[in-house]
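Enquirer: Once you've had a glance at the structure underneath, I'll fire off some questions.
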Amino acid sequence: MKNQFRQLTFRSATYTLAMIAVFFLLNTTLTGHIWEGMTVSKSALTGEYCEFNDVGNFFHQSVNTYSNLVYFFFGIFICQLALNDHKNQPTVFQNRIQQFPLLSLLMGVCLIYLSVGSAFFHASLTWIGQRVDMNGTYGVSVTLLIIALYHVFHRINLSESAKRVFIGIVILLILSFYEIHLLIPSSILLPTLILTTWVLITINYFQFRRERSIWLAISSIVLIVVALKIRALDVQKIGCDPHSLYQGHSVWHLLAGLSSFLSYAFFRFTPSSSTLSPP
């Protein structure tokens, strides 16, 4: 089991290193002129983040752009889990989410989508980039909420065809957030999604204490709280150095990505997971 976990980690790291190479190649061969003519985002106009906006570079904010690859790493990891779960079906030892590989695949794809969308935004600091970034954020948040709902209402079983329809509906819901987030401020909408997910995680923990790791749950919530605080400090320009390799918003990316993965792991890695267990 540990060998499988290491293999998935190695493959995910390899793909991520390849993406770092792609990012480096783009940033060294292209210039910031490619973004000219596109509407600048409000955050760029107000200088929302600490990192210096170097409009001459293809990546206007290099550190904040590269740090999004943490989402890519976890997205690739979860996609591989989904493919493994699909290959191992049907297995009586599979837990509820292992029996629904499409749901894991959606989680992985949403993380990759967020990685690309947020990198696009910090590279260009454009209005459309910010919209894609936020839609990726809501994609991950909505998918985690759906995973939690799926486990809390564990008595509901879906056929394979119903699962495909269900995933299609969730994808349409995620895409609808392109418009929804223009109507409801993210300062209200995003915390509401996160808190609702955590209420459901708490309920599910008490439903299945023997099959859930409280440490995964606690670690995830501590990381997201710390991440939100660091993000706020970055916006407030506290301890800010625009030219430093340390950027608070990039740390937000790292911690938020890890927190999302741990929330997923809370459901995926259980004593009944015979096909792959964490070390």
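Numbering (our numbering), first residue to last: 2 to 280. The C-beta atom is built at its ideal place from N, Cα and C for all residues, glycine as well. Fair warning: this is a prediction, and the values are worked out from it, not measured in the lab.
1. On the DSSP letters alone, give me the boundaries of the alpha helix (DSSP H) that L9 sits inside.
2. My parser needs the alpha helix (DSSP H) runs of 4 or more residues fully inside the stretch 169-195; what are they?
3. Are the beta-carbon atoms belonging to W199 and I170 less than 8 Å from one another?
4. Relative to the alpha-carbon of T10, which residue among T32, L70 and Q81 has its alpha-carbon at the smallest distance?
5. Going by C-alpha to C-alpha distance, which of L104, F24 and Q95 sits closest to I172?
6. Could you have a look at V226 and say whether DSSP puts it in helix, strand or coil?
7. Determine whether the beta carbon atoms of T138 and S42 lie at a separation below 8 Å.
8. Could you pull out every residue in the same chain whose Cβ sits closer than 8 Å to the Cβ of I175, ignoring the five residues on either side in sequence?
9. Go ahead and pull the three-state DSSP assignment for V133.
10. Beta-carbon within less than 7 Å of G130's beta-carbon, same chain only, minus the 5 sequence neighbours each way: which residues are those?
11. Is I189 closer than 8 Å to A149 when the C-beta atoms are compared?
12. By the DSSP assignment, the alpha helix (DSSP H) with K43 in it spans what residues?
13. Could you work out which residue in H182, R97, S116 and E37 is closest to S68 when comparing CA atoms only?
14. Whose C-beta lies closer than 6 Å to the C-beta of G76 among residues of the same chain, with five residues either side of it excluded?
15. In angstroms, rounded to a whole number, what distance separates the CA positions of K238 and N4?
16. Can you find at least 3 beta carbon pairs, one from the stretch 45-63 and one from the stretch 256-269, that sit closer than 8 Å?
17. If you count every other CB in all the chains shown that lies within 10 Å of the CB of G38, and 16 or more means buried, which is it?
18. Any idea which residues DSSP pairs T198 with across the strands?
19. Going by alpha carbons, who is nearest to L234 out of F178, F24, E52 and N28?
20. With a CB to CB cut of under 7 Å and the five nearest residues on each side skipped, what residues in its chain are close to D55?
21. If we require 4 or more residues per run, which alpha helix (DSSP H) segments fall completely within the stretch 49-137?
22. Should P279 go down as buried or exposed, given a rule of 16 or more other Cβ atoms within 10 Å for buried?
23. On the three-state DSSP scale, how would you describe H254?
24. Can you tell me the Cα-Cα spacing of S187 and S261, whole angstroms?
25. In angstroms, rounded to a whole number, what distance separates the CA positions of F74 and Y265?
26. Using a Cβ-Cβ cut-off of 7 Å (strictly less than) and excluding sequence neighbours within five positions of F167, which residues of its own chain qualify?
Expert: Checking against the coordinates, here is how it stands:
1. Reading the sequence shown from its first residue, position 8 is the one you call residue 9. K3 to T30 is the extent of the alpha helix (DSSP H) around L9.
2. DSSP runs (the alpha helix (DSSP H)) wholly in the stretch 169-195: none.
3. For the purposes of this step, residue 199 is taken as the residue at position 198 of the sequence shown. For the purposes of this step, residue 170 is taken as the residue at position 169 of the sequence shown. Result no, Cβ atoms of W199 and I170 do not sit closer than 8 Å.
4. By one-based count along the sequence shown, residue 10 stands at place 9. Nearest of T32, L70 and Q81 to T10, Cα basis: Q81.
5. Mapped onto the sequence shown, residue 172 falls at position 171. Checking every option, the nearest Cα to that of I172 belongs to L104.
6. Locating residue 226 in the sequence shown gives position 225, counting from the first residue. V226 falls in the helix class under three-state DSSP.
7. Numbered from its first residue, the sequence shown carries residue 138 at position 137. Numbered from its first residue, the sequence shown carries residue 42 at position 41. Remark: C-beta atoms of T138 and S42 do not approach each other more closely than 8 Å.
8. The sequence position of residue 175 within the sequence shown is 174, counting from 1. Leaving aside the five residues that flank I175 on each side, the residues in its chain whose CB is nearer than 8 Å to its CB run, in chain order, C111, N136, Y139, G140, V143 and T144.
9. If you number the sequence shown from 1, residue 133 lands on position 132. Helix, per DSSP.
10. Indexing the sequence shown from 1 puts residue 130 at position 129. Here the set comprises S42, F121 and F122.
11. Here residue 149 corresponds to residue number 148 of the sequence shown, with the count starting at 1. Here residue 189 corresponds to residue number 188 of the sequence shown, with the count starting at 1. The beta carbons of A149 and I189 sit no closer together than 8 Å.
12. Reading the sequence shown from its first residue, position 42 is the one you call residue 43. Residue range K43 to T47 is occupied by the alpha helix (DSSP H) that includes K43.
13. Within the sequence shown, residue 68 is the residue found at index 67, counting from 1. Just measuring C-alpha positions, the residue of H182, R97, S116 and E37 sitting nearest S68 is S116.
14. The residue labelled residue 76 in the question sits at position 75 within the sequence shown. Here the set comprises G109, L112 and I113.
15. Translated into positions along the sequence shown, residue 238 becomes position 237. Translated into positions along the sequence shown, residue 4 becomes position 3. If I take the Cα positions, the gap works out to 44 Å.
16. With contact defined as three or more Cβ pairs closer than 8 Å, the stretch 45-63 and the stretch 256-269 are not in contact.
17. In the sequence shown, residue 38 corresponds to position 37, counting from 1. Exposed: under 16 other Cβ atoms inside 10 Å.
18. Counting from one through the sequence shown, the residue named residue 198 turns up at place 197. Note: T198 sits in no beta bridge, so no partner.
19. Here residue 234 corresponds to residue number 233 of the sequence shown, with the count starting at 1. Checked all of F178, F24, E52 and N28; the closest Cα to L234 is E52.
20. Numbered from its first residue, the sequence shown carries residue 55 at position 54. Hits under 7 Å: H61.
21. When DSSP assignments are scanned along the stretch 49-137, the uninterrupted stretches of alpha helix (DSSP H) that are 4 or more residues long and fall wholly within it turn out to be 63-67, 70-89 and 102-125.
22. Translated into the one-based positions of the sequence shown, residue 279 becomes position 278. Interpretation of P279 is limited by its pLDDT of 41, a score under 50 that renders its predicted location unreliable; no figure is taken from the coordinates.
23. Residue mapping note: residue 254 aligns to position 253 of the sequence shown, counting from 1. Taken through DSSP and simplified to helix, strand or coil, H254 comes out as helix.
24. As a position in the sequence shown, residue 187 is number 186, starting the count at 1. As a position in the sequence shown, residue 261 is number 260, starting the count at 1. If I take the Cα positions, the gap works out to 18 Å.
25. By one-based count along the sequence shown, residue 74 stands at place 73. By one-based count along the sequence shown, residue 265 stands at place 264. F74 and Y265: Cα-Cα distance of roughly 14 Å.
26. The residue given as residue 167 occupies position 166 in the sequence shown. Excluding positions up to five away in sequence, the list reads L159.
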